[in-house]
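Peer 1:
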Amino acid sequence: MASALLPLAPGVHYFPAAVNSVLVEDGRGGALIIDTGLDESHARKLLRAMTDAELQPTGILNTHSHADHHGGNSFILKRFPELKIFAPPLENAVITHPILEPITLFGARPPADLQNKFLLAPPSPARLAPEPGLTRIGGADIELLEVAGHASMMYAVRIGDVLYAADALFGPEALQKHPLTFCADSGLQKEAAARLGELEGVRVVLPGHGDPTSDLAGLVAANLAAYARTTDAVLHAVRAGAATTDELLARVCDALNITMTNAAAVVLNRAVVAAHLTELQELGAVELSVEDNRLMYRLG
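The sequence shown begins at 1 in the working numbering and counts up one residue at a time.
As structure tokens, this is what we get:
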């Protein structure tokens, strides 16, 4: 049986899945879709749930360009080709040209192992979303909050006392399942989570991955602790001796009991380690040098 929409507030619902989708009603039988999930299967179930709730999509907002948040765009556009898709700066380019995601992670034209639905969503024509602040998209009144870090740019969305944190915050199970929480900039990731924790009047917060909770402070604390553990693990790996990013990745995975079994896991986790190394370098804790034709990190 397909999942139904679950209420967060009057006129605000979410579709529970591995990646949550949020619906904000326009008051006229329509609703803005925020994030469309990984693939056609998610999008098909989402549209079925909207039909059951007698809602029609009025637009799509992708909080960022990771494939699991816009992979359903293409299927929804086939059903509703007039819909407009909005995304933050930079992210709109990747959604329009999804090959940029695996190219960025791999550093060149990616091998077939990195061209799967988890890293390469179908393309869809995304346009630039409004700047952060109060705005209206698809007839829905929302507030966009800049929370870059997990992605190069990302928006969280506030609707009254409801906060959709997107991937600026993860639920406890997601943090436990993925000890190396993905980020493009670990310093900004920490700053974004901390800023969300300072918001007042939030009754319920929904992470991009996980269940809604009324404990915003607790969710922020859990995420900041997880991000700090990763930084500490990377620094500890450097303390074991000068090494390349790939060598440090192996040390970090050993320390955190992570076993990588596919190419996607390696490039994603390598990016996390690289992000924390850049943060540590900027703090003066580690140094980067070229030795024997290799980029090497050592203690600063």
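Ideal placement from N, C-alpha and C gives every residue a C-beta, glycine not left out. All of these numbers come straight from a predicted model, not from anything done at the bench.
Per the contact definition of three or more C-beta pairs closer than 8 Å, is the region 59-67 in contact with the region 95-110?
Peer 2: yes
Peer 1: Taking 6 Å as the limit between beta carbons, can you name the residues of its chain near LEU46, skipping five residues before and five after?
Peer 2: In the sequence shown, counting from the first residue as 1, residue 46 sits at position 46. Around LEU46: PHE15 and SER21.
Peer 1: Mind reading off the beta-carbon distance from GLY160 to ALA53? Whole number of angstroms is fine, and I expect it under 8 Å.
Peer 2: One-based indexing of the sequence shown puts residue 160 at position 160. One-based indexing of the sequence shown puts residue 53 at position 53. That pair is no contact at about 19 Å.
Peer 1: Taking the straight line between their C-alpha atoms, what separation do you get for VAL157 and LEU235?
Peer 2: Taking the first residue of the sequence shown as position 1, residue 157 is located at position 157. Taking the first residue of the sequence shown as position 1, residue 235 is located at position 235. C-alpha separation (whole angstroms): 33 Å.
Peer 1: Quick check: the region 112-126 against the region 136-146, are at least 3 beta-carbon pairs closer than 8 Å?
Peer 2: no
Peer 1: Excluding the five sequence neighbours on either side, which residues of its own chain have a C-beta within less than 8 Å of the C-beta of VAL19, listed in chain order?
Peer 2: For this step, residue 19 is matched to residue 19 along the sequence shown. Closer than 8 Å at Cβ, skipping near neighbours: ASP35, GLY37, LEU38, HIS42, ASP68, HIS69, GLY208 and HIS209.
Peer 1: Grab me the residues of TYR155's own chain with a C-beta within less than 6 Å of its C-beta, minus the 5 sequence neighbours each way, in chain order.
Peer 2: The count along the sequence shown starts at 1 and reaches residue 155 at position 155. So the list reads THR63, PRO88 and LEU144, once near-sequence residues are dropped.
Peer 1: Kindly indicate which residue of SER74, ARG136 and GLU287 has the alpha-carbon position closest to the one of ALA31.
Peer 2: The count along the sequence shown starts at 1 and reaches residue 31 at position 31. Out of SER74, ARG136 and GLU287, ARG136 has the C-alpha closest to the C-alpha of ALA31.
Peer 1: Can you check whether the CB of LEU256 is closer than 8 Å to the CB of ASN223?
Peer 2: Position 223 of the sequence shown, counting from 1, holds the residue named residue 223. Position 256 of the sequence shown, counting from 1, holds the residue named residue 256. The answer is no: Cβ separation not under 8 Å.
Peer 1: List the endpoints of the continuous alpha helix (DSSP H) containing ALA4.
Peer 2: If you number the sequence shown from 1, residue 4 lands on position 4. That residue, ALA4, is in no alpha helix (DSSP H); it is neither H nor E in DSSP.
Peer 1: Contact check, LEU304 vs ALA228 under 8 Å by CB: the rounded distance?
Peer 2: Residue 304 is absent from the structure shown; the chain starts at 1 and stops at 300.
Peer 1: Please report the straight-line C-alpha distance between MET1 and ALA242, rounded to a whole angstrom.
Peer 2: On the sequence shown, position 1 is the one that residue 1 refers to. On the sequence shown, position 242 is the one that residue 242 refers to. In this prediction, MET1 scores a pLDDT of 44, lower than 50, which makes its location untrustworthy; no coordinate-derived value is stated.
Peer 1: Here's the rule I'm using: 16 or more other beta-carbon atoms within 10 Å means buried, otherwise exposed. How should ASP167 be labelled?
Peer 2: If you number the sequence shown from 1, residue 167 lands on position 167. Buried is the label assigned to ASP167, since at least 16 other Cβ atoms lie within 10 Å of its Cβ.
Peer 1: DSSP on GLY284, reduced to helix/strand/coil?
Peer 2: Indexing the sequence shown from 1 puts residue 284 at position 284. Of the three classes helix, strand and coil, the one that applies to GLY284 here is coil, per DSSP.
Peer 1: Please classify VAL202: does DSSP put it in a helix, a strand, or coil?
Peer 2: Locating residue 202 in the sequence shown gives position 202, where the first residue counts as 1. The answer is coil: DSSP assigns VAL202 none of H, G, I, E or B.
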